[in-house]
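Peer 1:
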Amino acid sequence: MSNFTWECPYCNHKCYITQNNISNASNTFHLSNKFERQLCLNTYVIVCPNTSCAEVVISASLHRDISLFMGDSAIFNSSTDSLLEKWQLRPFSQAKIFPSYIPFPILNDYEEACKIRDLSPKASATLARRCLQGILRDFWEVKPDNLNKEIDQIEEKVDPLIFDAINAVRQLGNIGAHMEKNINLIIDVAPDEAQKLIELIELLLEEWYIARHRRQERLQSIKAINETKQEERKATN
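If you're matching positions, the sequence shown starts at 7 in this note's numbering and goes up one per residue.
1) Would L206 and I172 qualify as a contact pair, given that the criterion is a beta-carbon distance under 9 Å?
2) Just checking my contact of A131 with A200 at CB under 8 Å: how many whole Å lie between their CB atoms?
3) Do I160 and L138 have their CB atoms nearer than 9 Å?
4) By DSSP's criteria, Y22 is part of a beta bridge. Which residues make up the other side?
5) Let me know the secondary structure DSSP gives C137 once reduced to three states.
6) Quick check on S85: buried or exposed, where buried means 16 or more other Cβ atoms within 10 Å of its Cβ?
7) In angstroms with no decimal places, state the Cα-to-Cα distance between K240 and N232.
8) May I ask you to report which of helix, strand or coil DSSP gives H69?
9) Alpha carbon to alpha carbon, how far is Q44 from H36? Give it in angstroms, no decimals.
10) Please report the distance separating the alpha-carbon of A196 from that of D124.
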């Protein structure tokens, strides 16, 4: 298995995964089944290289006709054509950990959207869109309206790249076609479309809430230094 870059879902540490951090196993089924193919269950275990975390991440996938046997070993071709189903076992979802100063309803919708992304893309996209609307109303205090018009209200206030990203997601397939309507109405949403919405939510949380908080901390630090110096000046007079 080739080395690859990876981000731990527990500590958000970005790292490089080698054979020292990952283990995989397989179980091949020769039993007669509805697919009329040989089936293979692959399991993967990754241990976070960050020594202060060292969490265990587990996933599995079911494939057909992908095993090439060489003695007691097997070489697996993980092409998407052979993939039947996949599961994220630990953690149950790929939701990132965000600071508690972000409003709970927003984080709760985001986490729920991540949990059910593979089980129900429609429900996941519904929650992600509701999360997006919650962000616009809380962070930018837009006038409540349909989501399409609420997005338009921030066009002159945000980085053009951010606004373009929101528009790009808005225009994706059926999600884009219905984004201007009721946020609870989604038709024929694909898993990758739901994932795009989730990634947009993550971007906005980082670019808006977290960036603002860090800016406030830096400015407060400068203010505190000035206040300390002013007190020292008074003490010497």
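Cβ atoms here follow ideal geometry from the backbone N, Cα and C, with glycine treated the same way.
In this text, all values refer to a predicted model and were calculated from it rather than measured experimentally.
Peer 2: According to the structure shown:
1) yes
2) With a Cβ gap of about 4 Å, A131 and A200 count as contacting.
3) no
4) T11
5) helix
6) Confidence at S85 is low in this model, with a pLDDT of 48, below 50, so its placement is unreliable and the value that follows should be read with caution. Exposed: under 16 other Cβ atoms inside 10 Å.
7) 12 Å
8) strand
9) Take the alpha-carbon of H36 and the one of Q44: they are about 5 Å apart.
10) 10 Å
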